[in-house]
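All residue numbers for the sequence shown refer to my numbering, where the first residue is 13 and numbers rise by one.
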Amino acid sequence: MQKVANSSEIDSILTCELIEKAYEYKVDTFGIADLELLSEYQTYPKDLLENYSRGISIGLKVPDEVLEWLPESRPIYAKHYVMINDRLDFIAYQITKFLESKNYKALPIPASKPLKELKWRSFLSHRAIARCAGVGWIGKSLNLITKEYGPRIRFASILTDAPLETGAPLENKCGECQKCVDKCIVGALNNVIFKEYPKNRETSLDIDKCVSKLQEFSKDPDVGVMVCGICLKVCPWGKTKK
């Protein structure tokens with residue numbers, strides 16, 4: 013993995029320009045992670061992070077009412093899920109072009125591209141990058157929980173060798189709350205609290221139960237994609253106060 017040798021190499025001006033660029037596209041969350049914190053995590057391919065020192069996390073919020081009306085609103089949620097992912101990929105592409113214009117490497121990772129042969133893992137974990145960037149913490153549902161929006165955020169990531177300033181991971185604030193565990197419609201969550209992103213997600217999540225239900229939902233012609241959203245709906249973090 014490429015390293016930034018010392019703080020004198022950090023480009024604060026470039027970091028500020030990048031932040032401005034991201035917010036021009038109306039992202040709801042933004043953060044930059046030191047990829048050394050992810051050196052032991054699974055990626056595909058295994059050496060994916062080797063040529064990069066930073067992971068940029070961008071996030072867009074799912075509208076509150078889309079989730080509040082679940083499960084009846086699942087077709088609406090499915091539409092927003094696809095739309096938000098496409099928007100994230102577009103923003104990641106624009107950030108990549110910006111970094112390349114500054115003569116840095118940049119690799120945009122799609123917002124949603126689970127690989128069946130990897131048991132529904134993707135090239136890397138957007139949530140792990142967001143956690144290391146200080147955007148939020150990993151909840152018992154394995155969602156990334158932010159103070160402002162809770163888990164109601166979709167993410168994409170950009171890997172780069174640009175010497176950017178980084179954030180710092182936040183303390184887990186789930187505490188004794190287990191609403192996501194109690195309300196999971198297939199009982200797939202194990203009420204495990206994390207300090208870091210788990211290297212083995214099976215300690216927290218029965219992925220077979222979860223994916224089986226998602227596949228069932230995706231067969232509904234009004235839904236068409238693997239979405240559920242109940243754990244997003246019930247989390248008290250980020251809930252709109254009525």
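Don't be surprised by glycine CBs; every beta carbon is placed ideally from N, CA and C.
Computed from a prediction, not measured in an experiment: that's the story for all the values here.
Can you tell me the Cβ-Cβ gap for residue i and residue j, rounded? I've got them flagged as a contact below 8 Å.
| i | j | result |
| --- | --- | --- |
| LYS245 | ASN203 | LYS245 to ASN203, Cβ: 18 Å. No contact. |
| ILE44 | ILE22 | Contact doesn't hold; Cβ gap of about 11 Å is too wide. |
| ASN155 | ARG139 | 7 Å |
| CYS196 | CYS247 | The pair is not a contact, with the Cβ atoms about 12 Å apart (cut-off 8 Å). |
| LYS33 | ILE107 | 6 Å |
| GLU177 | SER24 | 6 Å |
| ALA168 | ALA104 | 5 Å |
| ILE11 | GLY236 | In this structure the chain extends from 13 to 254, so residue 11 is not present and cannot be described. |
| LEU217 | LEU201 | 6 Å |
| PHE110 | LEU30 | 7 Å |
| CYS222 | VAL239 | The pair is not a contact, with the Cβ atoms about 12 Å apart (cut-off 8 Å). |
| GLY241 | LEU79 | 6 Å |
| LYS73 | ASP40 | 4 Å |
| SER137 | TYR53 | 7 Å |
Here's the rule I'm using: 16 or more other beta-carbon atoms within 10 Å means buried, otherwise exposed. How should residue i be labelled?
| i | result |
| --- | --- |
| LYS254 | Reliability of the predicted coordinates at LYS254 is poor, the pLDDT of 47 falling under 50, and the value obtained from them is presented with this limitation in mind. Exposed, because fewer than 16 other Cβ atoms sit within 10 Å of the Cβ of LYS254. |
| TYR35 | exposed |
| ASN212 | exposed |
| TYR161 | buried |
| ALA17 | Note on ALA17: pLDDT 47, under 50, position unreliable in the model; the coordinate value appears next. Its Cβ having fewer than 16 others within 10 Å, ALA17 is exposed. |
| CYS28 | exposed |
| PRO233 | exposed |
| THR172 | buried |
| GLY187 | exposed |
| SER113 | exposed |
| TYR209 | buried |
| SER224 | exposed |
| PRO163 | buried |
| TYR89 | buried |
| THR158 | buried |
| CYS243 | buried |
| THR215 | exposed |
| TRP249 | buried |
Looking at the strands, I want to know which residues DSSP matches up with residue i.
| i | result |
| --- | --- |
| LYS231 | DSSP output for LYS231 lists no bridge partner at all. |
| ALA45 | GLY67 |
| PRO73 | For the record, residue 73 in the displayed sequence is Lys; it is not Pro. In the DSSP output, where bridge partners are listed per residue, LYS73 has ILE165. |
| TRP149 | ILE157 |
| LEU217 | LEU201 |
For residue i, would you say it is in contact with chain C, using Cβ-to-Cβ distances shorter than 9 Å as the test?
| i | result |
| --- | --- |
| GLU32 | In summary, chain C is missing from the structure at hand, where a single protein chain is found. |
Hey, is the region 179-191 in contact with the region 140-154, meaning 3+ C-beta pairs nearer than 8 Å? yes
What are the complete alpha helix (DSSP H) segments, minimum 4 residues, inside the region 156-206? 191-195
Segment contact, 8 Å Cβ cut-off, at least three pairs: the region 87-107 with the region 49-63: no
Three or more C-beta pairs under 8 Å: does that hold for the region 117-125 against the region 26-46? no
If you scan the region 93-129 from start to end, which runs of the beta strand (DSSP E) of 3 or more residues do you find wholly inside it? 118-121
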